[in-house]
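In the numbering used here, the protein residues as written are 55 to 209. Glycine residues also receive a C-beta, built at the ideal position from the N, C-alpha and C atoms.
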């Protein structure tokens, strides 16, 4: 009986959450200083004005390559008489880091997990997609700060 009661909220989530858009993202990070490219999926219907936004990012530069997998929740605000939709979010990310050591030294790799605090805004385009920009603050042994921009194309 307890298992059934625990499964009911999950069943409700699965019935209402749906992937609404997908798209590319590009930006830069600080510590390490890198160019970042990636892609994301937006899943709406999690809760009113809340989306689940997993993404995959690849960072190049500063003698390192970073592959980041992030699982974020965004809360979107409605601004009266404006098409802009600011959002705040939080999430957890796993970062797979390959350090390129100079000279005869052996390269090193590590996996780090940390949290993200996110501030952003999105706006619809004339073509029907949505452009967004966001600032991401890393907590833990992940990049300290990222500025990203991207597009959401409706599915």
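Would residue 138 and residue 189 qualify as a contact pair, given that the criterion is a beta-carbon distance under 8 Å?
Counting from 1 along the chain shown, the entry for residue 138 is found at position 84. Counting from 1 along the chain shown, the entry for residue 189 is found at position 135. In this structure, residue 189 does not lie closer than 8 Å to residue 138 by Cβ.
Report the three-state DSSP secondary structure of residue 187 (helix, strand or coil).
Sequence index remark: in the chain shown, residue 187 carries index 133 (1-based). Note: residue 187 maps to strand in three-state DSSP.
Can you check which of these residues, 166, 110, 158 and 80, is closest to residue 196 by C-alpha distance?
On the chain shown, position 142 is the one that residue 196 refers to. The candidate whose alpha carbon is nearest that of residue 196 is 166.
Is residue 180 buried or exposed, if buried means 16 or more other CB atoms sit within 10 Å of its CB?
One-based indexing of the chain shown puts residue 180 at position 126. Exposed, because fewer than 16 other Cβ atoms sit within 10 Å of the Cβ of residue 180.
Range covered by the beta strand (DSSP E) that runs through residue 87
Along the chain shown, one-based indexing puts residue 87 at 33. It is not in any beta strand (DSSP E) - residue 87 carries neither H nor E in the DSSP assignment.
For my contact list, residue 147 and residue 122 are in at a C-beta cut-off of 8 Å; report their separation, rounded to the angstrom.
Numbered from 1 along the chain shown, position 93 holds the residue referred to as residue 147. Numbered from 1 along the chain shown, position 68 holds the residue referred to as residue 122. Confirmed, about 5 Å.
Residue 78 to residue 111, Cα distance in whole Å?
Here residue 78 is taken as the residue at index 24 of the chain shown, counted from 1. Here residue 111 is taken as the residue at index 57 of the chain shown, counted from 1. Whole-angstrom Cα-Cα distance: 10 Å.
Using only the alpha-carbon positions, how far apart do residue 151 and residue 142 sit?
Within the chain shown, numbered from 1, the residue matching residue 151 stands at position 97. Within the chain shown, numbered from 1, the residue matching residue 142 stands at position 88. Cα to Cα, residue 151 sits roughly 27 Å from residue 142.
Could you spell out where the beta strand (DSSP E) holding residue 158 opens and where it closes?
As a position in the chain shown, residue 158 is number 104, starting the count at 1. Residue 158 -> no beta strand (DSSP E), and no H or E assigned at all.
Helix, strand or coil for residue 105 per DSSP?
Here the question's residue 105 lines up with position 51 in the chain shown. Strand at residue 105.
Using a Cβ-Cβ cut-off of 8 Å (strictly less than) and excluding sequence neighbours within five positions of residue 61, which residues of its own chain qualify?
Mapped onto the chain shown, residue 61 falls at position 7. Low per-residue confidence applies at residue 61: pLDDT is 45, beneath 50, and the placement is therefore not dependable, though the value from the model is reported in the following sentence. Nothing listed; no residue qualifies.
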